[in-house]
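A.B. asks: Protein sequences, first through last, are from chains P and D. To convert, note that position 147 of the first sequence is 147 in this note's numbering; the numbers rise steadily by one, no gaps. To convert, note that position 30 of the second sequence is 30 in this note's numbering; the numbers rise steadily by one, no gaps. Could you have a look at this structure, given as structure tokens, before my questions?
There are 2 protein chains.
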Amino acid sequence: MSKGHQTRRNIVARAIGVASTLGLDKVTIGSLARDMSMSKSGLFAHFKSKEQLQLAILQESAARFVEIVVSPALNQPRGEPRIRALFENWCNWINSLPGGCVFLKAASEVDDRPGTLREFLAQTQRDWLDTLAGATRIAMAEGHFRPDLDHEQFAYEAQGIFCAHQIFQRLLDDKSAGDRLRHAYETLIARSR
Amino acid sequence: MSKGHQTRRNIVARAIGVASTLGLDKVTIGSLARDMSMSKSGLFAHFKSKEQLQLAILQESAARFVEIVVSPALNQPRGEPRIRALFENWCNWINSLPGGCVFLKAASEVDDRPGTLREFLAQTQRDWLDTLAGATRIAMAEGHFRPDLDHEQFAYEAQGIFCAHQIFQRLLDDKSAGDRLRHAYETLIARSR
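Rendered as structure tokens:
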């Protein structure tokens with residue numbers, strides 16, 4: 001990896017932490033440059049615009065999400081074990097970031113702002129819901145889940161369980177957030193059998 | 001109501017629409033003054049600071065939420081009918097705003113920013129979860145829901161179902177969002193009996 005490429009990765013890694021806690025809009029080239037002890041023009045040269053920097057944050061986060069959540073689950077047996085691995089890895093993903101899920105944070109910022117960021121984020125989210133729904137269909141085919149289950153509804157409800165965790169954990173500082181999350185997904189699995 | 005009081009209400013009503021679509025941070029005294037054809041200093045006199053304006057948005061939203069969601073449900077019979085009314089009114093609340101639930105939008109903005117706004121929002125959210133959990137406990141006492149139900153877990157899962165709707169509706173433009181929401185809460189009610 002070239003030095004320039006490595007620097008760019010370091011900048012994006014730092015920026016993901018800011019986006020996770022304060023949001024995409026609070027990532028500024030000025031404050032990042034200070035954090036990284038770089039000049040603003042040096043940092044600007046890597047991204048050309050704030051939007052390109054924000055897009056790089058989402059792209060790198062999506063790559064990490066696949067690495068932490070999706071790929072390891074594909075090594076698990078098809079059906080319920082894989083669903084369970086996806087949920088456990090999803091918990092790991094949330095805990096890997098200082099402010100919780102960067103996508104949920106960003107979703108709220110860009111959902112009414114048409115453009116590149118919203119398109120990229122919506123596509124990432126659709127891909128993830130398709131992955132969850134697909135793994136659910138496999139669990140139905142394997143006979144782990146009942147044959148009349150609505151696999152897209154399963155994905156909707158799983159998304160909700162993790163969204164609620166963000167509220168309980170981040171806004172309410174609720175100590176039970178992790179237990180509530182796990183209890184909710186265990187119930188979702190149990191009632192899908 | 002004095003003219004000054006009425007003007008303040010009109011400003012806050014306008015600001016709630018902005019906060020619902022673009023977020024609390026995008027509510028600026030300058031842009032609101034333009035929208036309302038007022039001078040910036042005239043508008044500033046009503047709120048003294050941007051934070052006071054943002055707090056007024058949350059306070060007025062909380063009052064509206066009680067008016068639209070909570071109060072009408074208290075006129076419904078105790079137990080499952082009241083729970084169902086809370087859910088139906090919650091849907092009306094979401095649809096009453098141009099960008100969906102203003103609290104979910106704001107939660108994501110302030111959850112890592114200690115201060116007045118975060119405190120007020122967290123308290124509003126706790127009050128709402130207590131209301132939901134309390135109505136659930138009543139449904140258990142009435143024999144509509146099973147006696148070993150975890151009423152706080154019920155509130156957690158209900159919150160999740162509505163959070164997921166925000167993603168499906170606002171970010172994904174998913175036509176099925178409303179049906180998925182209703183299906184999820186009907187299932188939550190059915191499996192609580």
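C-beta: ideal position from N, C-alpha, C; glycine also. All values derive from a computational prediction rather than experimental measurement.
Against chain P, does Y185(D) count as a neighbour if the rule is that its beta carbon must be under 8 Å from one of theirs?
C.D. replies: Looking up residue 185(D) in the second sequence gives position 185. Closer than 8 Å: no.
A.B. asks: Any idea what DSSP makes of S20(D), helix, strand or coil?
C.D. replies: Taking the first residue of the second sequence as position 1, residue 20(D) is located at position 20. Reduced to three states, the DSSP call for S20(D) is helix.
A.B. asks: Mapping DSSP to helix, strand and coil, what is P212(D)?
C.D. replies: This structure leaves residue 212(D) out entirely; chain D is present only between 1 and 193.
A.B. asks: From L55(P), E80(P), W90(P), M38(P), pick the residue whose C-alpha is nearest to that of S71(P); which is it?
C.D. replies: Stepping through the first sequence from its first residue, residue 71(P) is reached at position 71. Here the closest residue by C-alpha is W90(P).
A.B. asks: What residue does the alpha helix (DSSP H) around V102(P) start on, and which one ends it?
C.D. replies: Position 102 of the first sequence holds residue 102(P). Taken as a continuous stretch (DSSP letters only), the alpha helix (DSSP H) holding V102(P) covers 102-110.
A.B. asks: Counting pairs of Cβ atoms below 8 Å between the region 158-176 of chain P and the region 48-63 of chain P, do you hit three or more?
C.D. replies: Judged by Cβ distances under 8 Å, the region 158-176 of chain P makes no contact with the region 48-63 of chain P, as fewer than three pairs qualify.
A.B. asks: Whose Cβ in chain P lies nearer than 9 Å to the Cβ of R191(D)?
C.D. replies: Locating residue 191(D) in the second sequence gives position 191, where the first residue counts as 1. Those are T187, R191, listed as they occur along chain P.
A.B. asks: Report the three-state DSSP secondary structure of S31(D) (helix, strand or coil).
C.D. replies: Here the question's residue 31(D) lines up with position 31 in the second sequence. In this structure, S31(D) counts as helix in the three-state DSSP scheme.
A.B. asks: Helix, strand or coil for D173(P)? Go by DSSP, reduced to three states.
C.D. replies: Taking the first residue of the first sequence as 1, we reach residue 173(P) at position 173. D173(P) falls in the coil class under three-state DSSP.
A.B. asks: Can you pull the chain P residues whose beta carbon is under 7 Å from the beta carbon of A107(D), in chain order?
C.D. replies: As a position in the second sequence, residue 107(D) is number 107, starting the count at 1. In chain order: I167, L171.
A.B. asks: Straight-line CA distance for W128(D) to G134(D)?
C.D. replies: Here residue 128(D) corresponds to residue number 128 of the second sequence, with the count starting at 1. Here residue 134(D) corresponds to residue number 134 of the second sequence, with the count starting at 1. Cα to Cα, W128(D) sits roughly 10 Å from G134(D).
A.B. asks: Which chain P residues are close to T21(D), counting only those with a beta carbon under 8 Å from its beta carbon?
C.D. replies: Here the question's residue 21(D) lines up with position 21 in the second sequence. Ordered by position in chain P, the residues that pass the 8 Å Cβ test against T21(D) are D112.
A.B. asks: Residues in the region 91-102 of chain D with C-beta within 9 Å of chain P's C-beta atoms, listed in sequence order?
C.D. replies: Answer set for the region 91-102 of chain D: P98, G99, G100.
A.B. asks: Identify whether I80(D) lies in helix, strand or coil by the three-state DSSP scheme.
C.D. replies: On the second sequence, position 80 is the one that residue 80(D) refers to. In the sequence under discussion, the amino acid at residue 80(D) is Glu, which differs from the Ile named in the question. E80(D) falls in the helix class under three-state DSSP.
A.B. asks: Using the three-state DSSP reduction, which class does M140(P) fall into: helix, strand or coil?
C.D. replies: Start at 1 with the first residue of the first sequence, and residue 140(P) comes out as number 140. Three-state DSSP puts M140(P) in a helix.
A.B. asks: Taking Cβ-Cβ distances shorter than 8 Å, what residues in chain B pair up with E88(D)?
C.D. replies: In summary, chain B is missing from the structure at hand, where the protein chains are P and D.
A.B. asks: Is G100(P) buried or exposed, if buried means 16 or more other CB atoms sit within 10 Å of its CB?
C.D. replies: Reading the first sequence from its first residue, position 100 is the one you call residue 100(P). Counting Cβ neighbours within 10 Å, G100(P) comes out buried, since at least 16 surround it.
A.B. asks: Kindly indicate if chain P contains any beta-carbon less than 8 Å away from that of I246(D).
C.D. replies: Residue 246(D) falls outside the range modelled here, since chain D spans only 1 to 193, and no answer is possible.
A.B. asks: Run through chain P and tell me which residues come within less than 7 Å of R126(D), C-beta to C-beta.
C.D. replies: In the second sequence, the residue the question calls residue 126(D) occupies position 126. In chain order: L172.
A.B. asks: Find the residues of chain D that neighbour L204(P), judging by a C-beta separation of less than 9 Å, and give them in chain order.
C.D. replies: Past the boundaries of the shown model lies residue 204(P); chain P is included only from 1 to 193, so the question cannot be answered.
A.B. asks: Taking only three categories from DSSP, how would you classify K26(P)?
C.D. replies: As a first step, residue 26(P) is located in the first sequence; it is residue number 26 there, counting from the start. Correct three-state label for K26(P): helix.
A.B. asks: Which two residues bound the contiguous alpha helix (DSSP H) that contains K40(P)?
C.D. replies: Here residue 40(P) refers to the residue found at position 40 when the first sequence is read from its first residue. Start and end: 40-47.
A.B. asks: Can you list, in chain order, the residues of its chain whose CB lies under 8 Å from that of A107(D), leaving out five sequence neighbours each side?
C.D. replies: Against the second sequence, residue 107(D) aligns to sequence position 107. Cβ within range, chain order: L121, Q125.
A.B. asks: Our contact map puts L32(P) next to A15(P) with C-beta atoms below 8 Å; I'd like the distance itself, whole angstroms only.
C.D. replies: What you label residue 32(P) is simply residue 32 of the first sequence in a count that begins at 1. What you label residue 15(P) is simply residue 15 of the first sequence in a count that begins at 1. Right, the Cβ-Cβ distance comes to about 6 Å (below 8 Å), so this counts as a contact.
A.B. asks: Quick one: list the residues of chain D neighbouring R180(P), beta-carbon separation under 7 Å, in chain order.
C.D. replies: As a first step, residue 180(P) is located in the first sequence; it is residue number 180 there, counting from the start. Chain D residues near R180(P): Q153, Y156.
A.B. asks: According to the neighbour-count rule (16 or more other Cβ atoms, all chains shown, within 10 Å of its Cβ), is G23(P) buried or exposed?
C.D. replies: For the purposes of this step, residue 23(P) is taken as the residue at position 23 of the first sequence. So G23(P) ends up on the buried side.
A.B. asks: Chain P partners of A56(D), CB-CB under 7 Å?
C.D. replies: To locate residue 56(D), count along the second sequence from 1; it is residue 56. Simply none; closest approach about 20 Å.
A.B. asks: Along the chain, where does the alpha helix (DSSP H) that runs through R193(P) open and close?
C.D. replies: Indexing the first sequence from 1 puts residue 193(P) at position 193. It is not in any alpha helix (DSSP H) - R193(P) carries neither H nor E in the DSSP assignment.
A.B. asks: Near V12(D), what residues of its chain come up, given a Cβ to Cβ distance below 7 Å and the 5 sequence neighbours on each side ignored?
C.D. replies: If you number the second sequence from 1, residue 12(D) lands on position 12. These residues qualify, in order along the chain: A56, I57, E60.
A.B. asks: Does DSSP put F120(P) in a helix, a strand or coil?
C.D. replies: For the purposes of this step, residue 120(P) is taken as residue 120 along the first sequence, with counting starting at 1. Correct three-state label for F120(P): helix.
A.B. asks: Below 8 Å between beta carbons: does that hold for E142(D) and G42(D)?
C.D. replies: Reading the second sequence from its first residue, position 142 is the one you call residue 142(D). Reading the second sequence from its first residue, position 42 is the one you call residue 42(D). Result no, Cβ atoms of E142(D) and G42(D) do not sit closer than 8 Å.
A.B. asks: In three-state DSSP terms, what is L149(D)?
C.D. replies: Here residue 149(D) refers to the residue found at position 149 of the second sequence. Looking at L149(D) - three-state DSSP - the assignment turns out to be coil, as it is neither helix nor strand.
A.B. asks: Check this for me: beta carbons of I83(P) and T7(P), under 8 Å apart or not?
C.D. replies: Residue mapping note: residue 83(P) aligns to position 83 of the first sequence, counting from 1. Residue mapping note: residue 7(P) aligns to position 7 of the first sequence, counting from 1. Not closer than 8 Å, so no.
A.B. asks: Alpha helix (DSSP H) containing E60(D): first to last residue?
C.D. replies: The residue given as residue 60(D) occupies position 60 in the second sequence. 50-65 is the span of the alpha helix (DSSP H), which, as asked, contains E60(D).
A.B. asks: Mind pulling the chain P residues with CB within less than 8 Å of L121(D)?
C.D. replies: Taking the second sequence and counting its residues from 1, one reaches residue 121(D) at position 121. Within 8 Å Cβ-Cβ: L171.
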